[in-house]
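The sequence shown runs 294 to 687 under my numbering.
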Amino acid sequence: MTAHTESAIRNPQSAIHPVPFVDLQAQYRSIKSEIDAAIQRVLDTSAFILGREVEAFEREFAEYVGAQECVGVSNGTAAIQLALSACCIGAGDEVLVPANTFFASAEAVSTANASPVFVDCDPVTSTIDVNKIEAAITERTRAILPVHLYGQPADLDPVFEIAARHNLVVIEDAAQAHGARYKGRRTGALGRAGCFSFYPGKNLGACGEGGAVVTNDKEVARRLRMLRDHGSERKYHHEIIGYNFRLEGIQGAVLAVKLKHLDRWNELRRAHAARYRELLAPLEESGALSLPREMSYAEHVHHLFVVQTDERDALQKHLGEAGVQTGIHYPVPVHLQPAYAALRHAPGDFPESERQARRVLSLPMFAELTEEQIARVAEAIKQFAVGSRLSASI
Ligand SMILES: Cc1ncc(COP(=O)(O)O)c(C=O)c1O
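Dropping the structure here:
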């Protein structure tokens with residue numbers, strides 16, 4: 294008998310209805326008529342690239358975030374690359390990036406021809422450790438790229454204070470933090486530019502690829518619009534060498550529909566996180582499991598609900614057998630990725646990021662998650678704790 298069938302016999306629910314990590318079908322079903330109508334509108338008008346629907350979404354998203362300008366682009370990685378280029382950061386420049394982030398945060402620095410310089414993460418928030426930023430600054434440093442990882446805003450005030458002292462630009466990577474607030478203000482609109490991804494599984498996700506940069510700087514916005522469209526402001530007149538990084542009309546139309554639901558979805562995510570925390574509190578109190586915390590300065594939007602334990606791999610296996618899908622964000626910190634071998638980093642360079650890479654486990658999290666599904670996830674974790682070394686401390 295396989296472990297899966299054995300666990301299915303003990304817990305028949307797991308075989309019939311696995312708890313998915315994310316359920317995009319559930320979201321689509323809940324707003325199907327609105328999405329279908331928006332896509333039909335684009336088909337009827339053939340405004341496939343940029344166009345009216347994208348412009349309307351850009352206005353609405355800028356207003357939502359509290360920024361003067363929004364420039365829709367083809368994905369979140371392009372958003373970061375173009376934000377750097379529009380701020381005139383490129384060859385010979387260094388950009389400080391957390392070692393604990395999705396690879397694209399650093400990759401976009403490299404594709405903007407600048408060099409990423411890594412900074413370790415904070416043990417509690419998993420975002421950039423503001424106490425370690427200054428030691429990484431050299432005479433070539435031009436920018437800091439804090440990442441609002443998992444939906445938790447990075448502690449921006451110390452970042453701005455350091456940036457002001459060293460004359461650095463702050464560009465926010467808000468790819469996982471649509472709607473999150475730092476000291477009451479939405480993330481993305483607080484630095485020189487803020488970069489968003491609309492990858493389908495994000496809190497605000499397109500029906501395909503999408504991204505945006507928001508900014509209050511009109512000149513940065515003008516350069517962004519040129520860079521995303523072959524360096525051109527006027528058709529067939531090209532001021533600079535740019536890219537084809539335009540947002541599609543269908544994505545603009547879909548995103549405008551979904552934006553209207555974003556606050557409600559984020560509230561549901563926050564409620565699910567609170568329920569997870571309640572159910573798993575005994576394991577946290579015993580020291581068996583670390584749970585994500587919302588900092589006093591932040592309104593966390595829980596793009597991911599990431600727990601930590603030394604028994605991560607065994608717990609993930611157990612949950613898989615119990616029909617609970619999980620993820621690891623991320624198994625290898627960016628400084629140890631083969632793509633950055635030339636930077637000659639070694640294990641031990643950023644110990645907290647490396648520790649988290651060994652310990653993090655993302656539980657199912659999406660707005661449509663049910664109370665029953667959350668209870669099943671928590672129950673399966675508790676079952677594991679009873680039969681494993683986690684139980685030693687409970
Ligand atoms: C923190 C972070 N930065 C950047 C990106 C890149 O966004 P995209 O996948 O849309 O290129 C992502 C997307 O997964 C992300 O999570």
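Note that beta-carbon positions come from the ideal geometry of N, C-alpha and C, so glycine has one too. Values in this document were obtained by computation on a predicted structure and should not be read as measured data.
From the DSSP output, read off the bridge partner residues of residue i.
{"i": "residue 617", "result": "312"}
{"i": "residue 365", "result": "505"}
{"i": "residue 475", "result": "478, 591"}
{"i": "residue 575", "result": "DSSP, once it has assigned bridges, lists no residue as partnering residue 575."}
{"i": "residue 486", "result": "464, 508"}
{"i": "residue 642", "result": "Answer by DSSP bridge pairing: none, since residue 642 is not bridged."}
{"i": "residue 583", "result": "601"}
{"i": "residue 440", "result": "466"}
{"i": "residue 389", "result": "410, 437"}
{"i": "residue 530", "result": "527"}
{"i": "residue 537", "result": "522"}
{"i": "residue 421", "result": "414"}
Tell me where the beta strand (DSSP E) around residue i begins and ends.
{"i": "residue 435", "result": "434 to 437"}
{"i": "residue 411", "result": "408 to 412"}
{"i": "residue 526", "result": "525 to 527"}
{"i": "residue 625", "result": "Residue 625 -> no beta strand (DSSP E), and no H or E assigned at all."}
{"i": "residue 656", "result": "653 to 656"}
Start and end of the alpha helix (DSSP H) containing residue i?
{"i": "residue 344", "result": "344 to 358"}
{"i": "residue 320", "result": "317 to 323"}
{"i": "residue 402", "result": "396 to 404"}
{"i": "residue 670", "result": "664 to 679"}
{"i": "residue 449", "result": "449 to 459"}
Give the C-beta separation of residue i and residue j to the nearest angstrom, bearing in mind that I take them to be a contact with Cβ-Cβ under 8 Å.
{"i": "residue 394", "j": "residue 625", "result": "Rounded, the Cβ-Cβ distance is 12 Å, inconsistent with contact."}
{"i": "residue 357", "j": "residue 483", "result": "With a Cβ gap of about 14 Å, residue 357 and residue 483 do not count as contacting."}
{"i": "residue 556", "j": "residue 472", "result": "6 Å"}
{"i": "residue 542", "j": "residue 335", "result": "5 Å"}
{"i": "residue 539", "j": "residue 662", "result": "Not really, about 34 Å apart at Cβ, beyond 8 Å."}
{"i": "residue 442", "j": "residue 469", "result": "6 Å"}
{"i": "residue 688", "j": "residue 480", "result": "Because residue 688 is not part of the residues shown, which for the chain are 294 to 687, the question remains open."}
{"i": "residue 312", "j": "residue 666", "result": "5 Å"}
{"i": "residue 505", "j": "residue 489", "result": "5 Å"}
{"i": "residue 584", "j": "residue 621", "result": "Not confirmed; about 17 Å, so no contact."}
{"i": "residue 398", "j": "residue 410", "result": "That pair is no contact at about 12 Å."}
{"i": "residue 509", "j": "residue 361", "result": "5 Å"}
{"i": "residue 445", "j": "residue 593", "result": "5 Å"}
{"i": "residue 487", "j": "residue 507", "result": "5 Å"}
Could one say the Cβ of residue i lies closer than 8 Å to chain D's Cβ atoms, at least one of them?
{"i": "residue 451", "result": "Note that chain D does not occur in the displayed structure, where there is just one protein chain."}
Requested in this report: Measuring from each Cβ to the nearest heavy atom of ligand 1, keep the ones under 6 Å and list them in chain order.
Outcome: Qualifying residues come out as 368, 369, 370, 394, 395, 397, 398, 440, 466, 468, 469, 490, 492, 504.
Query raised in the report: Does the stretch 374 to 391 touch the stretch 400 to 416, meaning 3 or more C-beta pairs lie closer than 8 Å?
Result: Output reads yes: the stretch 374 to 391 touches the stretch 400 to 416.
Query raised in the report: Does the stretch 345 to 357 come close enough to the stretch 418 to 432 to have 3 or more Cβ pairs within less than 8 Å?
Result: Fewer than three beta-carbon pairs drawn from the stretch 345 to 357 and the stretch 418 to 432 are found closer than 8 Å, and the two stretches are therefore not classed as touching.
Query raised in the report: Is the stretch 580 to 598 in contact with the stretch 630 to 649, if contact means three or more CB pairs nearer than 8 Å?
Result: Flag = no, the stretch 580 to 598 and the stretch 630 to 649 do not touch.
Query raised in the report: Does the stretch 610 to 620 come within contact of the stretch 667 to 681, defined as at least 3 CB pairs closer than 8 Å?
Result: With a cut-off of 8 Å, the stretch 667 to 681 and the stretch 610 to 620 count as touching, because enough Cβ pairs lie within range.
Query raised in the report: Are the stretch 487 to 506 and the stretch 368 to 378 touching by the rule of at least three beta carbon pairs closer than 8 Å?
Result: Yes: at least three Cβ pairs fall under 8 Å.
Query raised in the report: On the three-pair Cβ rule with 8 Å, is the stretch 562 to 572 touching the stretch 535 to 553?
Result: They do not touch, by the three-pair rule.
Query raised in the report: Contact between the stretch 599 to 608 and the stretch 373 to 381: three or more CB pairs below 8 Å?
Result: Short answer: they don't touch.
Query raised in the report: So does the stretch 449 to 460 actually touch the stretch 416 to 425, counting three or more Cβ pairs closer than 8 Å?
Result: Verdict: yes, contact present.
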